[in-house]
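Down below is the structure, laid out as structure tokens.
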Amino acid sequence: MLRRQILTGVGAAALALAAFPALAQETVKVGLILPMTGPSASTGRQIEAGARLWIAQNGDTVAGKKIQLIIKDDTGAADQSKRLATELVVNDKVAVLGGFGLTPLALSVGPVATQAKVPAVIMAAGTSTIVASSPYFVRTSFTLPQNTAPMAQWSAANNIKTVVTLVSDYGPGLDSEKAFKAEFEAKGGKVLETLRAPLANPEFAAFLQKAKDLKPDALFLFVPSGQGASLMKQVNERELAKAGIKIIGTGDVTDDDQLNGMGDALIGMITSHNYSAAHDSPENKAYVSAFLKATNNMRPNFMSVGGYDGMALIYKALEKTKGETDGAKLLDAMKGVSWTSPRGPMSIDATTRDITQNVYIREVKKVDGQLYNVEFATIANVKGSN
Amino acid sequence: MLTILLDGIAYGMLLFILAVGLCVTLGLMNFINLAHGAFAMAGGYLTITLMQQAGVPFLLCLPAAFIFAAVLGLLLERTLYRHLYDKTHLDQVLFSIGLVFMAMAMVDYAYGANQQIVNLPDFLTGRINFLGASIGVYRLFVIVICSLLVVGLQLILTQTRFGSRLRAAVDDGRVARGMGIDVTRIFAVTFAVGSGLAGLGGALGTGIISFDPTFPLKYMIYFLIVISVGGTTTITGPFLAAILLGVADVAGKYYVPAVGGFIIYTIMVVVLILRPQGLFSRGPAR
Amino acid sequence: MTDTTMTYQPSPEAVKARAVLLGRSRWGFAEIAFWLLAAACYWLFPTKLSLLSEIAILGLVALSIDLVLGYAGIVTLGQGAFFGIGAYAAGLAAKYGAGVAPWSDPVIGLFIGGGFAALIGFATSFLVLRGSDLTRLMVTLGVALIVDEIVNQTKWLTGGSDGLQGVLPSPVLGIWEFDLFGKTAFVYSMVVLFILFLVARAIVKSPFGLSLQAIKGNPLRTRAIGMPVNGRLVAIYTISSFYAGIAGALAAQTTQFASPDYVAFHRSADALLMLVFGGAGHLYGGLLGSIIFRTMQDVLGNITPQYWQFWLGATLVGLVLFVRGGILGLLANLRNRATRNGGAK
């Protein structure tokens, strides 16, 4: 009995969905697949807020079409991402897919995008190889090599001779480790040891102690967005700085979302990244204040601009196609687009479909009683992948 | 070398402090309470809120977290849990997992999904040297508190009237009732203490790990490993097991990183095969 | 079949036992309706086929747990290990066997996946022969965690945390290609589920199945009457891991990849939850549990992508507090009440 009621409920829902395509002439649907629950939930929240902010600021119509945003929770499980992508394409007839919080989630959707010829905008995942895995992938986030190489260059130029790297043991972490090692050793430095901590790991003591015992000039860190706080807490506790080891890393570690709570011990830490909430530009000032207002004071991080710029890219592509939603045409319209985002100038490479953007070297500083990543050097137009 | 040993012990203590409350509810009351992590999370988030919003000193947050979680536990015991004592273990699992899901969504609603951290007071940060090794002051603090707890709990269980009544109530509720022991009240108090200990564990945990809404699930495996390896009939069993597991894990990851991830699980499986009732358990398993 | 049978006079007890055994294997109306309805889903919910095939696969995992838990009384929290092994074995077969005639066929893949899982299941079955519920729970969980770690460590083979990509199974039996709408996937999963269900039904209703239930009821006494308890338990545990392996293989083939998430703790826990939710020990419990659990998750997830877990949790709590024996228990209660009311009138 209960089961039948649920089934009729589902049936009604399915009918309601089936009725939608009739409206599809006026409405363009954008389906975002994000981890809204589970360990990567903060990524999903930031991207959703960023995407919604763009729509709130720029209106929900573009080129005469009404934009409808559909958010789906994949809980961070790749088979769910894939199923939701299929349903969005087949049932909801979305014109564009977007989101993808982690590398495996994006990779699982690749075949769906290819088969359905629907552009998929990667707003978070950062392994360099993803975009090449489907001709319909476009990226508005960043890649790890893109963000890491400038850190290695800066280190080599600033009297750091030996480094130990500690990264999370999965795609982006290994990408980051590889990029750092290659760039740093090409510039004459030496990587003493490459440590990899399991992705789900509450305790870094063994790795940090090992790094400390090797006595490098600096320790390079990468963990995915959301895990920086745990790591830095233990880094502080182990007093690596007192032992003369400089802490460097990608901006994922000093995530704006959590930075303020990490404590003053972080002041002076150097990172390289594509976005800081403290980026000094009128676009960013407007973005940050609007974002804070819209989200009840959640500070925007690099994931949020991925979502914001992802929507920007979709709007710009629709303007170019004059509202035409054919997948191949939209994809073509996305290639080569450039504009000024809150993060600074950015563009979509016409051949690789990956993001080209400025990468900044930043130092953790206290501004108005709050911790920020303050940018002090810019490496312009770094390509996402080759 | 000694540093690694101390780090391992400290990690073990963290595991123990998070698991000790479960040791009380599961071991003494024979109730599979997978929602244990939710009580620990309540203690952790209370500490975070008190410190960040109200500026309450950390040391005051610890008893506050204990009381808060204990009261929460008592309320839930009186309203929900007591209906489940005579149900099967599987029903208990289903029920307490349901509670975990609800707790996760509620914390998410109230605090958001990002990780929350606290900054410890100055006198608990830093490191001190100890026989040529160095250890974080906070880790030492956790080790001391845990040791005191173990001694205290063990004394209460074995030396006090309450302890013997509790053991009687667990062993045979009907006979205990017949002897004039108020079993219902004893169970309620014990459950509250177990939940309170979880809250205290969560509060102490804020000094080392960060909290997010997935906490109860993320650490559930660790609680269960400590309890099952240590055995459920004593408090000292899980205590020793936690030290063993902590040292093995940290040392393993330090010396043989390639197999570091396997160590805890392998120890658990091997121990349980050789001694199904747990390493330090007396008497047969229940 | 000669004189001996002619002269054999069965005792009244034997006749009764025979009737009981035969009666147990007869199909009821509800059962037939269930499977007809399941098949009809193809036309009823053409837009939800991929969710439905996922439900069928989850149902198969829950069924595999039911075989050991509901019929032999072994609690397991490690079914994800066999699911994952099946998924990776079938996934690798499809990936590296592409073009090499028999190896990339999905049906062969099923047997590869199930076979590997059964092998590991057999090897680890000796670990769960003794101990309490908690011990068994933790040993099976430990095995799953170790398998998870192996998957993470053998990046060259499994792709590590990024998952196994490039799994492109050939058309089923060389005829039906996997399509974007999930039509092939649905029919394929349902057929496999149905066949395996029939086999499971035959197993639990056979004397072997009955002996398992005797072991569940009282292992000591069963041993005393000369039943090879350990042998029986090893056999059913191996069969159960074979089932879970096939479910994994189905998952890898229909979603065209495998990830460490397949082996993760929450997979095993979810499958166990679904079974208990539906009601263990009836074969249908796992199927019902997975249908309701996943449908709720999907519907709630669409309404509130952030907080669906709350309502799911509330349902679990309510079910345990007010009903005994899961959804099937609820249905039985309702039916009893209906007949009682009918009688009163």
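So the protein sequences, as listed, match chains L, E and H. Residues in the first sequence are numbered consecutively from 1, following the working numbering. Residues in the second sequence are numbered consecutively from 1001, following the working numbering. Residues in the third sequence are numbered consecutively from 2001, following the working numbering. Even glycine gets a Cβ: it sits at the ideal position worked out from N, Cα and C.
- Counting other Cβ atoms within 10 Å of its Cβ, G110(L) reaches 16 or more and is therefore classed as buried.
- Residues of the same chain with a CB within less than 7 angstroms of the CB of W2035(H), apart from the 5 flanking positions on each side, are F2194 in chain order.
- Secondary structure at A1176(E): helix, using DSSP grouped into helix, strand and coil.
- As a beta-bridge residue in DSSP terms, M346(L) pairs with W339(L) and Q357(L).
- Along the length of the stretch 239–307 of chain L, whole beta strand (DSSP E) runs at least 3 residues long occupy 246–250 and 270–273, reported in chain order.
- In the DSSP assignment, E363(L) is bridged to I270(L) and V374(L).
- The stretch 282–289 of chain L makes no contact with the stretch 1011–1018 of chain E; the number of CB pairs closer than 8 angstroms stays below 3.
- In the structure shown, D73(L) adopts extended strand secondary structure according to DSSP, grouped into three states.
- The alpha helix (DSSP H) runs of length 4 or more contained entirely in the stretch 2095–2170 of chain H are, from start to end of the chain, 2106–2125, 2133–2153 and 2155–2158.
- With respect to V138(L), T325(L) sits apart: the two C-beta atoms are not nearer than 8 angstroms.
- If you look at A1010(E), you'll find it in the alpha helix (DSSP H) that goes L1002 to L1022.
- Within the stretch 199–216 of chain L, the residues whose Cβ lies closer than 8 angstroms to some Cβ of chain H are L199, listed in chain order.
- Residue ranges of uninterrupted beta strand (DSSP E) with 3 or more members, entirely inside the stretch 90–136 of chain L and ordered along the chain, are 96–99 and 120–122.
- Across the stretch 2243–2261 of chain H, CB contacts with chain L closer than 8 angstroms involve A2251, T2255, Q2256, F2257, S2259 and D2261, in sequence order along the chain.
- For L32(L), the secondary structure class from DSSP, reduced to helix, strand or coil, is strand.
- Taking a beta-carbon distance threshold of 8 angstroms, H1089(E) counts as an interface residue toward chain H.
- Under the Cβ criterion of 8 angstroms, S1210(E) is counted among the residues facing chain L.
- In the three-state reduction of the DSSP assignment, R2026(H) falls in the coil class, being assigned neither a helical nor a strand state.
- Beta-bridge analysis with DSSP links R139(L) to I122(L).
- Minimum Cα-Cα distance from L2077(H) among the listed residues S1195(E), M1051(E), I1225(E) and L1059(E) corresponds to I1225(E).
- Per the coordinates, the alpha-carbon of I1067(E) lies some 11 angstroms from the alpha-carbon of L1060(E).
- I33(L) and E48(L) do not touch by the CB rule: their CB atoms are close to 11 angstroms apart, not below 8 angstroms.
- The three-state secondary structure of R2324(H), taken from DSSP, is coil.
- When only Cα atoms are considered, G2217(H) and L2069(H) end up about 12 angstroms apart.
- Using beta-carbon distances, V1270(E) does not count as an interface residue toward chain L, since no partner is under 8 angstroms.
- Contacts with chain E at 8 angstroms (Cβ-Cβ) do not include E48(L).
- DSSP, read as helix, strand or coil, puts L331(L) in helix.
- It is roughly 5 angstroms from the alpha-carbon of A125(L) to the alpha-carbon of T103(L).
- The beta carbon of Q1116(E) sits closer than 8 angstroms to some beta carbon of chain L.
- For the C-beta of R45(L), the chain E residues within less than 9 angstroms are, from N- to C-terminus, G1112, A1113 and N1114.
- Our two residues, K2095(H) and G2109(H), have alpha carbons roughly 11 angstroms apart in a direct line.
- Residue pairing from DSSP places V382(L) in a beta bridge opposite Q357(L).
- By the Cβ criterion, the stretch 176–190 of chain L is not in contact with the stretch 204–214 of chain L, since fewer than three pairs of Cβ atoms, one from each stretch, lie closer than 8 angstroms.
- Distance from the CA atom of N2230(H) to the CA atom of I2074(H), rounded to whole angstroms, is 12 angstroms.
- Taking all protein chains shown into account, G1055(E) has fewer than 16 neighbouring C-beta atoms within 10 Å of its C-beta and is therefore exposed.
- Under the three-state reduction of DSSP, R1275(E) is assigned to coil, being neither helix nor strand.
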